[in-house]
Every structure is written in C-alpha cells, then in structure tokens.
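> Below: one structure in structure tokens.
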Amino acid sequence: MLQTKGYAAQTVESDLAPWNFERRDVGPKDVHIEILFCGVCHSDLHQIKNDWFPGIFPMVPGHEIVGRVVRTGSDVKKFKKGELAGVGCLVDSCRICENCKQGLEQYCLNGSVATYNGRAKDGSPTYGGYSNQIVVHEDFVLHISEKLPLSAVAPLLCAGITTYSPLRFWKVGKGHKLAVLGLGGLGHMAVKFGVAFGAEVTVLSTSPSKEKDAKALGAHKFVVTTDSKQVAAVKGTFNFILDTVSAKHDMSFYLSLLATNGIHICVGAPPEPHLIPAFALMGGRKSVSGSGIGGLPETQEMLDYCADNNIVSDIEIIDIKYIQKAYERMVRGDVHYRFVIDMATL
Ligand code: NAP
Ligand code: ZN
Ligand code: ZN
45 MLQTKGYAAQ TVESDLAPWN FERRDVGPKD VHIEILFCGV CHSDLHQIKN
95 DWFPGIFPMV PGHEIVGRVV RTGSDVKKFK KGELAGVGCL VDSCRICENC
145 KQGLEQYCLN GSVATYNGRA KDGSPTYGGY SNQIVVHEDF VLHISEKLPL
195 SAVAPLLCAG ITTYSPLRFW KVGKGHKLAV LGLGGLGHMA VKFGVAFGAE
245 VTVLSTSPSK EKDAKALGAH KFVVTTDSKQ VAAVKGTFNF ILDTVSAKHD
295 MSFYLSLLAT NGIHICVGAP PEPHLIPAFA LMGGRKSVSG SGIGGLPETQ
345 EMLDYCADNN IVSDIEIIDI KYIQKAYERM VRGDVHYRFV IDMATL
C-alpha cells in the first residue's frame with residue numbers, strides 16, 4: 045500500500061485537517077501520479093456538507109488534479125514516467141454499457157466511480173486530490189500539455205469540462221445569445237468557451253463588483269440581476285442560459301430571460317430541488333436541460349482545445365492551510381475565479 049498525506053474532513057461537522065491514509069499499490073494498468081496542484085470546486089464543499097447525499101467519511105475532496113507521473117504499471121501503454129497527467133471527477137466506470145462505449149462514462153448506466161466520496165469496484169472508499177499522490181487506471185488519466193501553466197490547467201478537469209460539454213452538445217456559437225448565470229469557477233470558464241465558440245456572451249451576476257472582470261474575460265455584456273432596469277433590457281432575449289449557481293434561486297425569473305425556444309442548462313447543483321411552474325416553460329416553448337461533467341474522450345478534447353487556444357482558468361493559488369477560508373469566501377461568491385491548492389504546502 046502507498047502511504048499518502050492528505051487533508052480530510054473526519055465527519056460532516058469537522059473542518060478539513062491533515063490526515064494520513066493508504067492508497068492501493070500500482071497495478072499493471074495503473075498510473076501513479078505525484079499531485080502538484082488541485083482545484084477547489086464548489087462540489088467539494090457540497091459534498092463535505094452532505095448537501096446532496098450522506099457522504100463517506102473521512103472524506104478527502106478534490107477532483108481537479110494535475111501532477112507528474114512517477115511510476116506506471118507493467119501494462120500501461122498511454123503514459124510514461126515524468127509526463128504531466130490529470131485526473132478529473134471519475135476514476136472508473138463499467139466500460140461495457142451503451143454510454144461507456146460512446147465515451148459518456150459520466151453517465152455510466154452501471155454507475156461510474158467518483159474520484160472521491162465514491163466506492164471503487166472492490167467497495168473501498170475513493171479519496172481525492174487534496175493529497176500528495178494518487179493511483180488511477182490509465183483509461184481515466186488525461187494527457188496535459190506542457191505549454192500551459194500547470195496550476196491554471198487544474199480547474200479545466202472539472203470547471204472546464206462541465207461548461208465545455210454542454211456548449212458543444214448544444215452547438216452554441218455564432219449567432220447565439222448565451223447568458224452565463226453566476227460568475228464563479230464554472231461561470232468564468234463558460235464565458236471563455238462561449239466567447240471562443242463565437243457566441244454573444246452576457247454574464248448574469250448578483251455581484252456588481254465583477255463587471256470589470258467579466259469584460260476582461262471576454263463577456264460582451266454584464267447584467268446585475270438585482271437591478272430591475274438592467275434585467276428589463278434583456279427579458280426574452282437569450283437562446284441559452286448556462287446556469288452555474290450553487291444555491292437556491294428563482295427559476296421562473298431566469299426562464300423569463302430566455303427567448304422563444306430558449307434552453308436553460310443546469311450545471312449548478314443546489315441542494316434544494318428547483319420549482320419550475322409549467323407556465324414559465326409554456327410561454328415561449330422553453331426547455332430546461334442539465335449536463336454532468338464530461339466523458340474521458342471529450343475531457344481530452346477540451347484539454348487539447350485549451351492548449352491549442354491558450355485557454356486556462358483565472359486562479360488564486362492557495363496554501364492548503366487556507367482551505368477553510370477559501371470555502372468561506374466561496375460561499376460569499378468571493379472567488380476570482382478558482383482557488384487552486386499548491387500541493388507543496390501540504
Ligand atoms: P462557485 O465558484 O462558488 O460559483 C458559483 C457562483 O454562483 C457564485 O460565484 C455566484 O456568482 C453565483 N451564486 C451563488 N449563490 C447564488 C444565488 N443564491 N443566486 C444567484 N447566484 C448565486 O461554484 P462553482 O465551483 O462554479 O460550482 C457551481 C455549481 O456547479 C455548484 O453547485 C457545483 O456543485 C456545481 N457543479 C456541477 C457540475 C456538473 O457536473 N454539473 C460540475 C462541477 C460543479 P455571482 O457572484 O456572479 O452572482
Ligand atoms: Zn467539480
Ligand atoms: Zn458503463
């Protein structure tokens with residue numbers, strides 16, 4: 045077994061604190077990665093708080109993992125020692141169902157294995173990237189370009205693919221008006237991709253202070269959603285709203301901003317179910333959709349696209365001891381625009 049250092053929440057009430065644990069030895073198809081940076085996703089906070097379902101404790105969060113390969117199993121074909129590597133939200137799936145066969149491992153019909161707060165096929169709990177090393181089957185490890193700053197690549201493994209995938213699925217681009225709802229980790233990546241794909245991008249935000257940043261990220265317009273005048277000017281105008289909001293919000297209000305046939309795509313995952321009156325959809329034949337992370341082939345495609353187009357996350361690098369403060373700031377919407385843990389501080 046591999047003796048591993050990490051940060052864990054021991055129970056749903058406890059703060060994250062140092063914790064040593066064991067990972068499996070490197071099997072024939074496994075890649076052993078020294079973790080250099082790990083992004084901090086709002087999903088980490090949801091999960092240590094049991095917002096979605098009772099979690100598996102102790103919990104080591106983290107699914108935006110980048111680092112260097114330190115060892116490969118005897119049958120590993122895709123990676124070599126010394127190369128950069130990434131791991132996102134998934135570490136395994138059945139590989140034989142219709143979805144897995146199409147590269148949609150995130151929708152595995154037999155249940156994919158989450159990087160943390162999940163159970164491997166042998167029933168053992170999985171532990172995430174707030175740690176110094178990880179062992180993952182090569183099929184679930186991504187190639188990372190040496191061209192981009194590694195710390196700013198980490199958030200692409202979740203925030204990046206979660207926004208890239210629905211924009212690609214719905215072919216959002218030239219001629220579309222895209223609203224990005226919420227300017228946090230996911231939202232700022234959605235702005236970058238929306239602009240890169242040619243859409244007219246408007247940020248819908250509760251934080252007037254983020255306007256300058258939104259424009260610097262490439263957004264064409266910025267609407268403060270608490271300002272009724274600004275809201276009136278965009279009513280009924282968007283073809284798509286990409287909803288990245290992590291907390292309860294009024295769906296009727298946002299649906300009223302969609303144009304006829306508009307699509308509201310949920311990627312944010314608030315703890316409470318949405319209340320969606322039928323009338324909010326009927327007037328204008330509107331749809332509500334959802335999207336979960338992305339499969340392995342599309343995640344690699346997104347990483348390659350980012351390397352080719354010089355796209356990374358805007359980050360604030362933190363010492364792991366700052367993690368509780370980072371969570372507090374995240375809850376207040378004070379993220380610019382992704383915290384990334386420097387694992388050298390572990
Ligand atoms: P984040 O960095 O905290 O960003 C969320 C943003 O939403 C905030 O910065 C804020 O932006 C806005 N917001 C927060 N509370 C709000 C409220 N009550 N009403 C309106 N806007 C509000 O979080 P994140 O890491 O981007 O994650 C966002 C959500 O996506 C989380 O629920 C996370 O679990 C989920 N997620 C889903 C997937 C998936 O596969 N679908 C993957 C990753 C994450 P403004 O200041 O601009 O208003
Ligand atoms: Zn995430
Ligand atoms: Zn499957």
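Numbering-wise, the working numbering comes out as the position in the sequence shown, counting from 1, plus 44.
All C-beta atoms in this analysis are idealised placements derived from N, C-alpha and C, irrespective of residue type, glycine included.
Keep in mind the model is a prediction, meaning the values are calculated, not measured.
What residues in its chain sit with their C-beta under 6 Å from that of Gln-91, if we drop five residues either side in the sequence?
Excluding positions up to five away in sequence, the list reads Gly-99 and Asn-161.
> State yes or no: is the C-beta of Ser-156 nearer than 7 Å to some heavy atom of ligand 2?
Checking every heavy atom of ligand 2 against the Cβ of Ser-156, none is found closer than 7 Å.
> Whole angstroms is fine: what's the gap from Gly-231's alpha carbon to Thr-246's?
Distance between the alpha carbons of Gly-231 and Thr-246 is about 11 Å.
> Can you give the Cα-Cα distance for Ser-118 and Lys-73, rounded to whole angstroms?
In a straight line, the C-alpha of Ser-118 is about 7 Å away from that of Lys-73.
> On the three-pair Cβ rule with 8 Å, is the segment 196-216 touching the segment 338-349?
Taking 8 Å as the limit for Cβ pairs, the verdict is that the segment 338-349 does touch the segment 196-216.
> Leaving out five residues before and five after Lys-218 in sequence, what residues of the same chain have Cβ atoms less than 6 Å from its Cβ?
Once the five neighbours on either side are set aside, the close Cβ partners of Lys-218 are Gly-242.
> Could you check whether the Cβ of Cys-310 sits closer than 7 Å to any heavy atom belonging to ligand 2?
False, no ligand heavy atom lies under 7 Å from that Cβ.
> Whose CA, out of Val-267, Lys-93, Val-104 and Ile-307, lies closest to the CA of Ile-364?
Checking every option, the nearest Cα to that of Ile-364 belongs to Val-104.
> Please list, in chain order, all residues with a C-beta atom less than 5 Å from at least one heavy atom of ligand 2.
My final list is Cys-85, Ser-87 and Cys-202.
> Relative to the C-alpha of Pro-321, which residue among Ala-313, Leu-299, Ala-303 and Ser-333 is closest?
Ranking the options by Cα distance to Pro-321, first place goes to Leu-299.
> Can we count Leu-153 as close to ligand 3, meaning its CB is less than 7 Å from some heavy atom?
Indeed, a heavy atom of ligand 3 lies less than 7 Å from the Cβ.
> Below 7 Å, is the gap between the Cβ of Met-103 and the nearest heavy atom of ligand 1?
No, the beta carbon of Met-103 sits no closer than 7 Å to any heavy atom of ligand 1.
> By Cβ distance, which residues of its chain are closer than 7 Å to Thr-269, with the 5 residues on each side in sequence left out?
So the list reads Leu-248, Ser-249, Thr-250 and Val-275, once near-sequence residues are dropped.
> For Asp-397, is the classification buried or exposed, using 16 other Cβ atoms within 10 angstroms of its Cβ as the cut-off for buried?
Outside the displayed span of the chain (45 to 390) sits residue 397, for which this structure offers no information.
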